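J.:
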Amino acid sequence: MNNKIFPASKWGKLVSEEREQRQNREKFFKIAEPGKYEVWADIGCGPGFFTLPLAQKVNKVFAIDISNEMLGICKRRAEEQKLKNIKYIKSEGVAISLEDDSVDKVLLVNVFHELQERSKIVEELNRILKLEGHAFIIDWKYEKMDFGPPLEHRVTIQEVTHDLTTNGFTFVQSWDIYEIDYVLEFKKI
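Take any residue in the sequence shown, note its place counting from 1, add 140, and you have its number in my numbering.
Below is the structure:
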């Protein structure tokens, strides 16, 4: 078992007001500009912190997670909000069961540091994204802090950039909108 994976039993922390203060979604949406005709994939969606408000802005969201429990929580929360444009997908390892060139944008929030086979996941991102589609990686800054995963589990901006730019992406921009997370944008080329 991967001890870096966030436990489903603590899902409430992932949708808390404290998290909204730390990782305000509207700040992200201002830079990502989700469009009403777009299809997004939220990889490692958890209980839907980004998935649900994203679904209110776009045509469809694929909520993807390795945990059936997290997907169930996400689905229940979406049903409470009467959101019907989310498709829930259980991820099995590195494979993402979506068609080639099927999504406009992908989002990985505080997930990249958990990945065991990052280059294989990046290949999958490249496969499912449409040409010139965008990948957004939000993850913990590589700094020692009393919050989040230990430093040895974190991934530097340079490592993420290397993983994507050597697998069919070009770096677009780094956004400094969060105090303890970096936001990186890449485009499929």
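A virtual CB, placed ideally from N, CA and C, is assigned to each residue, including glycine. A quick note: this is a predicted structure, and the numbers were derived from the prediction, not measured.
How would you call residue 240, buried or exposed, if buried means at least 16 neighbouring beta carbons within 10 angstroms?
T.: When all chains shown are included, residue 240 counts as exposed.
J.: Please return the same chain residues whose Cβ sits closer than 6 Å to the Cβ of residue 193, not counting the five positions on each side in sequence.
T.: Excluding residues within five positions, the ones whose Cβ falls inside 6 Å are 165.
J.: By DSSP, does residue 223 sit in helix, in strand, or in coil?
T.: Reduced to three states, the DSSP call for residue 223 is coil.
J.: When the Cα of residue 306 is compared with those of 280, 319, 261 and 287, which residue comes out closest?
T.: Nearest option by C-alpha distance: 261.
J.: Report, in whole angstroms, the separation of the C-beta atoms of residue 204 and residue 231, which I expect to be a contact under 8 Å.
T.: Rounded, the Cβ-Cβ distance is 5 Å, consistent with contact.
J.: What is the DSSP secondary structure of residue 167, counted as helix, strand or coil?
T.: Helix.
J.: Between the Cα of residue 257 and those of 234, 251, 275 and 248, spot the shortest distance and give me the residue it belongs to.
T.: The candidate whose alpha carbon is nearest that of residue 257 is 234.
J.: Leaving out the 5 sequence neighbours to the left and right, which residues in its chain are closer than 7 Å to residue 281 when beta-carbon positions are compared?
T.: Contacts found: 320, 321 and 322.
J.: Tell me whether residue 309 is buried or exposed, calling it buried when 16 or more other Cβ atoms sit within 10 Å of its Cβ.
T.: By the neighbour-count rule (16 or more Cβ atoms within 10 Å), residue 309 is buried.
J.: In angstroms with no decimal places, state the Cα-to-Cα distance between residue 215 and residue 312.
T.: Answer to the nearest angstrom: the Cα atoms are 32 Å apart.
J.: Any heavy atom of the ligand HEM closer than 8 Å to the Cβ of residue 265?
T.: With respect to the ligand HEM, the structure shown offers nothing to examine, as it has no ligands at all.
J.: Please classify residue 174 as buried or exposed, where buried requires at least 16 other C-beta atoms within 10 Å of its C-beta.
T.: So residue 174 ends up on the buried side.
J.: Using the C-alpha atoms, what's the distance from residue 169 back to residue 277?
T.: Rounded to whole angstroms, residue 277 to residue 169 spans 13 Å at the Cα level.
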